[in-house]
Amino acid sequence: MSSGRLEMVSALKSVVVPELRKKGFKGSFPHFRRISHSQIELLTFQFDKYGGGFVIEVAVCPPEGFTHSWGEYVPPNKVTAHDINDRLRLNNENGSWYRYDLGVQLGSIYERVANEVLEHLDEAEVHWKKAQSN
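Below, the structure written as structure tokens:
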């Protein structure tokens, strides 16, 4: 893993993960879930295999977990956004990728990008609320 990715993960863990915990999410980086009586709300960080960026995908599934089309059951404490076909990428209006490899920045690019993620968590809340009302 590159030093840039390690620094980005560190910034996400110090800036974003505490906010997810305050909102009731459990799990460990990069997969988080918030289980309620009506649904499981999922959030996953996925890094660019070539480095320099990541996306955040959110999804929802029933509170009892998820069963894939081929029959594999994933329990509530193991399901991730990657298990669900219907996912939303946060920051979609900006191309959905959070980049930490874009030139020279004043201050920590990693902390700046982590704070940018916080600005988009409301998009996830809207998505989960819509799913709950359906």
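The numbering of the sequence shown is the working numbering, which starts it at 520 and goes up by one. Ideal Cβ placement from N, Cα and C applies to all residues, glycine included. In this text, all values refer to a predicted model and were calculated from it rather than measured experimentally.
8 angstroms contact criterion, which residue i and residue j should meet: CB distance rounded
i	j	result
G571	Y619	6 angstroms
Y617	E635	6 angstroms
Rounded straight-line distance, which links the Cα of residue j to that of residue i
i	j	result
F573	G590	30 angstroms
K649	R552	17 angstroms
Q627	S533	Per the sequence shown, residue 627 should be read as Ser rather than Gln. So the alpha carbons of these two residues sit roughly 13 angstroms apart.
T563	K597	12 angstroms
E644	G523	29 angstroms
S555	E526	33 angstroms
P582	L561	11 angstroms
S737	R606	This structure gives no information on residue 737, because the portion of the chain shown stretches from 520 to 653.
Q565	E576	8 angstroms
I603	A633	25 angstroms
L531	F544	15 angstroms
L640	W647	11 angstroms
G546	P594	13 angstroms
V579	P537	21 angstroms
E584	K542	The sequence as given places Gly at residue 584; Glu does not occur at that position. C-alpha separation (whole angstroms): 20 angstroms.
Own chain residues within Cβ distance below 6 angstroms of residue i, not counting five before or after
i	result
E642	L609
Where residue i falls, given that 16 or more other Cβ within 10 Å makes a residue buried
i	result
L539	buried
H550	buried
L621	exposed
Same chain, Cβ closer than 7 angstroms to residue i, neighbours up to 5 away in sequence not counted
i	result
T586	Y592
H654	Residue 654 lies beyond the range of the chain shown here (520 to 653); nothing can be said about it.
Q651	S557 and Q558
V528	F548
T599	H550, L561 and T563
Close Cβ partners of residue i (< 8 angstroms) along its chain, the five nearest in sequence each way excluded
i	result
S521	G570
Closer than 7 angstroms: residue i CB and nearest the ligand MG heavy atom
i	result
G572	The ligand MG is not part of this structure, which contains no ligands at all.
Practice item. Tell me the start and end of each unbroken alpha helix (DSSP H) in the stretch 520-547 that is at least 4 residues and wholly inside, in chain order. Key: Counting only runs of at least 4 residues, the stretch 520-547 fully encloses the following alpha helix (DSSP H) elements, listed from N- to C-terminal order: 522-541.
Check your understanding: Could you give the uninterrupted runs of the beta strand (DSSP E) lying entirely in the stretch 587-619, keeping only those of 3 residues or more?
Key -> Correct list: empty.
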